[in-house]
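S.K.: Would you mind keeping the following structure in view while I ask a few things?
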Ligand code: MG
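Numbering (my numbering), first residue to last: 1028 to 1416.
Here it is as structure tokens:
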């Protein structure tokens, strides 16, 4: 029986992880669940999976949760609570929280020597070198859950890194693929949140709409697979059937295909190196009319180049990129800035911040803090002239 700690249990990845566990209760049990603030859903999950520990991130909700609990479990709160449950001895921590907040619990799990299924890409973007050093030092592997990275991981089984020429990360293109600049000026938060092929949380849906998600994934892939920036290509594949491809030095490609269902990469991370039977995940090849692959339009979607710029710079630059993006996405979701301002605010913050080559935790956290202050100042000045009428 594998003990699993699930951080971010009420989000989309959390929901899908519990569905995989529900289908394999003979192999997996839940040690801890952590959620930000959705008490109703968290209570239902506690009743069903009976974890001995629970963390509710918002401390103000502790008493509400306690008063409605019908099972015996210890409640922790805040970032300290997240770090504590992440450091408990378990077989795997699934890190599915959203954003930079996942960095400390990720490090706590690695320091405890626990393998981590990584659905939360921001810590790897911010502090990739530091995180990978921790993973190696504590012999605690990182298993990708991001569908593209799971695909690459699956394609690489049995091969050496010297066999790889480059990898191709597929991107659906998001809901505004082929939209004109004029159309993109009018995009509302709800339009940006409705993704054509994947059902995901708010932040990642907006990141997919700007293509920043793919930019963050480039940096994530550099660290997870030890690749150079120039070895990572992005290709637009609107059908979301081919989840990514590896191109080998002899010219061969190996791709991983499957339905656009996060239960597949989650199950592979949980059961690696074997596989789990999953219900309702069959795909009929004859249903696929066409699979297409296009070059991304980097003019319409400048976020991809911004991420490459930060990755090339290295050091604290990716932490600055990530912090500015998190702030800008939150402001867009609050209708404080227009859609096109997201990339603009990230670009200005990246240009005006002084990045350093340091990659230790203090340097990364300081860069994160300063970039957020700068991004907020840009958001404030942008929002004062918005909405335009
Ligand atoms: Mg992805």
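Glycine included, each C-beta is placed from N, C-alpha and C at the ideal position.
Please state whether the Cβ-Cβ distance between residue 1060 and residue 1092 is less than 7 Å.
M.R.: Locating residue 1060 in the chain shown gives position 33, counting from the first residue. Locating residue 1092 in the chain shown gives position 65, counting from the first residue. Their beta carbons are not under 7 Å apart, which means residue 1060 does not touch residue 1092 by this criterion.
S.K.: Starting from residue 1062, follow its DSSP beta bridges and name the residues at the other end.
M.R.: For the purposes of this step, residue 1062 is taken as residue 35 along the chain shown, with counting starting at 1. The partner list for residue 1062 (beta bridge, DSSP) reads 1083.
S.K.: Tell me which residues share the same chain as residue 1416 and place their Cβ nearer than 7 Å to its Cβ, disregarding the 5 neighbours each side in the sequence.
M.R.: Translated into the one-based positions of the chain shown, residue 1416 becomes position 389. Model confidence at residue 1416 stands at a pLDDT of 44, short of 50, so the residue's coordinates are unreliable and nothing is read from them.
S.K.: What is the rounded straight-line gap between the Cα of residue 1232 and the Cα of residue 1124?
M.R.: Here residue 1232 is taken as the residue at index 205 of the chain shown, counted from 1. Here residue 1124 is taken as the residue at index 97 of the chain shown, counted from 1. Approximately 14 Å, taken between the alpha carbons.
S.K.: Check whether the region 1264-1273 and the region 1175-1192 are in contact - that is, three or more C-beta pairs closer than 8 Å.
M.R.: The answer is yes - the region 1175-1192 touches the region 1264-1273, with three or more Cβ pairs under 8 Å.
S.K.: Out of 1209, 1254, 1110 and 1156, point me to the one whose CA is closest to residue 1188's CA.
M.R.: Residue numbering aside, residue 1188 sits at position 161 when the chain shown is read from its first letter. Of 1209, 1254, 1110 and 1156, the residue nearest in Cα terms is 1254.
S.K.: Where does residue 1208 sit, in a helix, a strand or coil, going by DSSP?
M.R.: Residue 1208 sits at position 181 when you count from the first residue of the chain shown. Residue 1208: helix per DSSP, three-state reduction.
S.K.: Does the beta carbon of residue 1174 fall short of 6 Å from some heavy atom of the ligand MG?
M.R.: Here residue 1174 refers to the residue found at position 147 of the chain shown. For the ligand MG, at least one heavy atom lies less than 6 Å from the Cβ of residue 1174.
S.K.: Counting pairs of Cβ atoms below 8 Å between the region 1224-1242 and the region 1299-1309, do you hit three or more?
M.R.: Output reads no: the region 1299-1309 does not touch the region 1224-1242.
S.K.: Distance check for residue 1386 and residue 1129, CA to CA, integer angstroms please.
M.R.: For the purposes of this step, residue 1129 is taken as the residue at position 102 of the chain shown. For the purposes of this step, residue 1386 is taken as the residue at position 359 of the chain shown. Those two C-alpha atoms are separated by around 17 Å.
S.K.: Kindly list the residues whose CB is nearer than 6 Å to the CB of residue 1394, restricted to its own chain and excluding five residues on each side of it in sequence; keep chain order.
M.R.: What you label residue 1394 is simply residue 367 of the chain shown in a count that begins at 1. So the qualifying residues of the chain are 1343, 1346 and 1347.
S.K.: Going by beta-carbon coordinates alone, are residue 1229 and residue 1199 separated by less than 7 Å?
M.R.: Taking the first residue of the chain shown as 1, we reach residue 1229 at position 202. Taking the first residue of the chain shown as 1, we reach residue 1199 at position 172. Against a cut-off of 7 Å, the Cβ pair of residue 1199 and residue 1229 comes out as no contact.
S.K.: Cβ of residue 1154 within 7 Å of Cβ of residue 1373?
M.R.: On the chain shown, residue 1154 is found 127 positions in, with the first residue counted as 1. On the chain shown, residue 1373 is found 346 positions in, with the first residue counted as 1. No, the pair does not count as a contact, with Cβ atoms beyond the cut-off.
S.K.: When the distance is taken between beta carbons, is residue 1294 closer than 7 Å to residue 1047?
M.R.: Walking along the chain shown from the start, residue 1047 turns up at place 20. Walking along the chain shown from the start, residue 1294 turns up at place 267. In this structure, residue 1294 lies closer than 7 Å to residue 1047 by Cβ.
S.K.: On a Cα-Cα basis, can you pick out the residue from 1207, 1193, 1214 and 1335 that is closest to residue 1240?
M.R.: Start at 1 with the first residue of the chain shown, and residue 1240 comes out as number 213. For residue 1240, the nearest C-alpha among the options comes from 1335.
S.K.: Alpha carbon to alpha carbon, how far is residue 1291 from residue 1192?
M.R.: Counted from its first residue, the chain shown places residue 1291 at position 264. Counted from its first residue, the chain shown places residue 1192 at position 165. Rounded to the nearest angstrom, the two C-alpha atoms are 26 Å apart.
S.K.: Reducing DSSP to helix, strand and coil, say where residue 1193 ends up.
M.R.: For the purposes of this step, residue 1193 is taken as the residue at position 166 of the chain shown. In the structure shown, residue 1193 sits in a strand (DSSP, three-state: E or B).
S.K.: Please name the residue in 1105, 1287, 1365 and 1281 whose C-alpha comes closest to that of residue 1185.
M.R.: Counting from 1 along the chain shown, the entry for residue 1185 is found at position 158. Of the listed residues, the one whose Cα sits closest to residue 1185 is 1281.
S.K.: Measuring CA to CA, which of 1288, 1328 and 1339 is closest to residue 1172?
M.R.: The residue given as residue 1172 occupies position 145 in the chain shown. Closest option to residue 1172, Cα to Cα, is 1288.
S.K.: Can you determine whether any heavy atom of the ligand NAP sits closer than 6 Å to the C-beta of residue 1120, and answer yes or no?
M.R.: This structure does not include the ligand NAP; its bound ligands are the ligand MG.
S.K.: Span of the alpha helix (DSSP H) holding residue 1359?
M.R.: For the purposes of this step, residue 1359 is taken as residue 332 along the chain shown, with counting starting at 1. Residues 1344-1360.
S.K.: By Cβ distance below 8 Å, which residues in the same chain neighbour residue 1101 in space, the five residues on each side in sequence not counted?
M.R.: In the chain shown, counting from the first residue as 1, residue 1101 sits at position 74. Around residue 1101: 1079, 1080 and 1081.
S.K.: When DSSP builds the beta bridges, which residues end up paired with residue 1260?
M.R.: Counting from 1 along the chain shown, the entry for residue 1260 is found at position 233. Paired residue(s): 1195.
S.K.: Look at residue 1268 and residue 1284 and say whether their C-beta atoms are less than 7 Å apart.
M.R.: Indexing the chain shown from 1 puts residue 1268 at position 241. Indexing the chain shown from 1 puts residue 1284 at position 257. Yes.
S.K.: Can you check which of these residues, 1168, 1219 and 1107, is closest to residue 1362 by C-alpha distance?
M.R.: Locating residue 1362 in the chain shown gives position 335, counting from the first residue. Comparing Cα-Cα distances from residue 1362 to each of 1168, 1219 and 1107, the minimum goes to 1219.
S.K.: Do you know how far the Cα of residue 1135 is from the Cα of residue 1106?
M.R.: Within the chain shown, numbered from 1, the residue matching residue 1106 stands at position 79. Within the chain shown, numbered from 1, the residue matching residue 1135 stands at position 108. Residue 1106 and residue 1135: Cα-Cα distance of roughly 11 Å.
S.K.: On the DSSP bridge assignment, give the partners of residue 1122 in chain order.
M.R.: Here residue 1122 refers to the residue found at position 95 of the chain shown. Paired residues: 1034 and 1145.
S.K.: On the DSSP letters alone, give me the boundaries of the alpha helix (DSSP H) that residue 1410 sits inside.
M.R.: The residue you call residue 1410 lines up with position 383 of the chain shown. Residue 1410 -> alpha helix (DSSP H) spans 1388-1411.
S.K.: Are there 16 or more other CB atoms within 10 angstroms of the CB of residue 1406, so buried, or fewer, so exposed?
M.R.: Looking up residue 1406 in the chain shown gives position 379. That one is buried.
S.K.: Cutting at 8 Å between CB atoms, please list the residues of its own chain near residue 1318, excluding the five before and the five after it.
M.R.: Numbered from 1 along the chain shown, position 291 holds the residue referred to as residue 1318. Same-chain partners within the cutoff: 1264, 1266, 1268 and 1269.
S.K.: Determine which residues share a DSSP beta bridge with residue 1273 and list them.
M.R.: Here residue 1273 corresponds to residue number 246 of the chain shown, with the count starting at 1. Partner(s): 1194 and 1281.
S.K.: Return yes when the Cβ of residue 1325 is within less than 7 Å of the Cβ of residue 1314, no when it is not.
M.R.: Translated into positions along the chain shown, residue 1314 becomes position 287. Translated into positions along the chain shown, residue 1325 becomes position 298. Against a cut-off of 7 Å, the Cβ pair of residue 1325 and residue 1314 comes out as no contact.
S.K.: Could you work out which residue in 1030, 1041, 1038 and 1097 is closest to residue 1055 when comparing CA atoms only?
M.R.: Walking along the chain shown from the start, residue 1055 turns up at place 28. Nearest C-alpha to residue 1055: 1030.
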